[in-house]
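> To start, I am sharing the structure in question, which I have written as structure tokens.
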Amino acid sequence: MSAPRESAGTTPRKRRRPGAHPAARGEETSLGRTRRARRINRTLAVAYPDAHAELDFSTPLELLVATVLSAQTTDVRVNQVTPRLFAAYPTAAAYAQADREELQEIIRPTGFCRAKAGHLIGLGEALVARYDGRVPQALADLVTLPGVGRKTAHVVRGNAFGKPGLTVDTHFQRLVARWGLTEATDPVRIEHEIAGLIEKSEWTDFSQRVIWHGRRVCHARRPACGACLLAWDCPSYGRDGSTDPEEAAARVTSPDRDHLLALAGLTPTTEA
Numbered sequence: 260m261s262a263p264r265e266s267a268g269t270t271p272r273k274r275r276r277p278g279a280h281p282a283a284r285g286e287e288t289s290l291g292r293t294r295r296a297r298r299i300n301r302t303l304a305v306a307y308p309d310a311h312a313e314l315d316f317s318t319p320l321e322l323l324v325a326t327v328l329s330a331q332t333t334d335v336r337v338n339q340v341t342p343r344l345f346a347a348y349p350t351a352a353a354y355a356q357a358d359r360e361e362l363q364e365i366i367r368p369t370g371f372c373r374a375k376a377g378h379l380i381g382l383g384e385a386l387v388a389r390y391d392g393r394v395p396q397a398l399a400d401l402v403t404l405p406g407v408g409r410k411t412a413h414v415v416r417g418n419a420f421g422k423p424g425l426t427v428d429t430h431f432q433r434l435v436a437r438w439g440l441t442e443a444t445d446p447v448r449i450e451h452e453i454a455g456l457i458e459k460s461e462w463t464d465f466s467q468r469v470i471w472h473g474r475r476v477c478h479a480r481r482p483a484c485g486a487c488l489l490a491w492d493c494p495s496y497g498r499d500g501s502t503d504p505e506e507a508a509a510r511v512t513s514p515d516r517d518h519l520l521a522l523a524g525l526t527p528t529t530e531a
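If you're matching positions, the sequence shown starts at 260 in our numbering and goes up one per residue.
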């Protein structure tokens with residue numbers, strides 16, 4: 260299998276010795292970091308041209324509810340619950356008037372059902388009382404809602420309303436730290452620092468691409484370094500994961516596996 264044609268500015272097949280990246284040695288300039296961040300984004304755009312929120316929704320309210328439920332669980336689990344939930348509670352008023360025990364039973368598989376049920380009821384009440392039952396678009400308004408922080412607000416703004424925003428979830432935090440794009444650990448500071456590196460028009464797409472890469476290749480434990488298309492631009496290459504191509508390729512198990520391995524210059528011969 261031959262690798263797809265690469266876009267200008269991407270160098271996914273190249274490798275450095277672990278620890279040899281200028282950023283790993285503290286020798287990267289501020290301008291160099293910005294250029295590298297934008298090159299990473301361009302490479303991710305080739306890898307994940309269809310990156311999007313993996314929560315199923317058809318309205319801003321559905322996305323808001325699904326994102327609140329996604330705390331401490333997977334999008335897959337949330338998507339298993341929401342068809343029944345959305346059918347039972349189609350409006351903000353329905354959540355405001357919900358029977359707590361019935362709501363808890365529906366969302367129980369997502370975990371923390373008591374707290375989440377309280378958030379959803381409070382969310383419905385706030386939307387009805389303050390926003391005529393509609394989900395507001397302003398960040399300042401969204402973060403006042405029960406169970407909604409900046410991460411959830413940016414997910415909704417970016418994916419339901421097309422407003423630029425950086426979604427700093429655990430995947431995003433892990434990857435931008437491994438890439439040496441920030442040393443911050445506070446999510447708000449991370450958001451602001453990355454916002455200074457990536458073009459505003461790219462914020463939402465960049466967030467989705469980073470999250471997809473974190474789920475598919477740059478795992479929390481044993482990242483697939485030897486099969487990563489970002490190896491050249493990653494100062495953490497080989498630090499936490501194996502650089503052996505075959506071993507690393509076995510760690511890439513997503514449906515787009517062949518595409519990702521090809522971009523990394525590998526022929527996918529190992530079954531996922």
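Just so you know, even glycine gets a beta-carbon here, dropped at the ideal spot from N, CA and C.
This structure is a prediction, so every number in the text was calculated from the model and none was measured.
Measure how close the beta-carbons of residue 446 and residue 410 come, nearest whole angstrom, since I'm counting them as under 8 Å.
At roughly 7 Å, the Cβ-Cβ gap stays under 8 Å, so residue 446 and residue 410 are in contact.
> Decide yes or no for the touch test of the segment 345 to 355 against the segment 415 to 435: beta carbon pairs closer than 8 Å, at least 3 of them.
Judged by Cβ distances under 8 Å, the segment 345 to 355 makes no contact with the segment 415 to 435, as fewer than three pairs qualify.
> How many whole angstroms separate the CB atoms of residue 336 and residue 369, which I take to be in contact at a CB cut-off of 8 Å?
Indeed, because the Cβ distance is near 6 Å, the residues count as touching under 8 Å.
> Just to confirm, are residue 511 and residue 476 a CB contact at a threshold of 8 Å?
In this structure, residue 476 lies closer than 8 Å to residue 511 by Cβ.
> Tell me which same chain residues have a C-beta within less than 6 Å of the C-beta of residue 321, skipping the five on either side of it?
345.
> Taking contact to mean at least 3 C-beta pairs separated by less than 8 Å, is the segment 289 to 301 in contact with the segment 397 to 415?
Judged by Cβ distances under 8 Å, the segment 289 to 301 makes no contact with the segment 397 to 415, as fewer than three pairs qualify.
> Going by DSSP in three states, residue 271 sits in which element: helix, strand or coil?
Because residue 271 sits at a pLDDT of 44, beneath the cut-off of 50, its placement in the model cannot be relied upon, and the point is left open.
> Buried or exposed for residue 465, going by 16 or more other Cβ atoms inside 10 Å?
Flag for residue 465 reads buried.
> Only counting the same chain, and skipping five residues up and downstream in sequence, which positions put a Cβ closer than 6 Å to that of residue 283?
Result list for residue 283: 494, in chain order.
> Which value, in whole angstroms, describes the spacing of the CA atoms of residue 325 and residue 279?
Spanning the two alpha carbons is a distance of roughly 42 Å.
> Could you check how far apart the C-beta atoms of residue 319 and residue 427 are, in whole angstroms? I think they sit under 8 Å.
Wrong, their Cβ atoms sit about 21 Å apart, outside the cutoff.
> If we count Cβ pairs, one from each stretch, closer than 8 Å, do we get three or more for the segment 356 to 372 versus the segment 439 to 457?
Contact between the segment 356 to 372 and the segment 439 to 457 is absent, because fewer than three Cβ pairs lie under 8 Å.
> For the alpha helix (DSSP H) that residue 322 lies in, which residues bound it at each end?
319 to 328 is the extent of the alpha helix (DSSP H) around residue 322.
> Where does residue 434 sit, in a helix, a strand or coil, going by DSSP?
Helix, per DSSP.
> Going by the CB atoms, is the gap between residue 401 and residue 351 shorter than 8 Å?
Going by C-beta atoms, residue 351 is not nearer than 8 Å to residue 401.
> Mapping DSSP to helix, strand and coil, what is residue 498?
DSSP places residue 498 in coil when its eight states are reduced to three.
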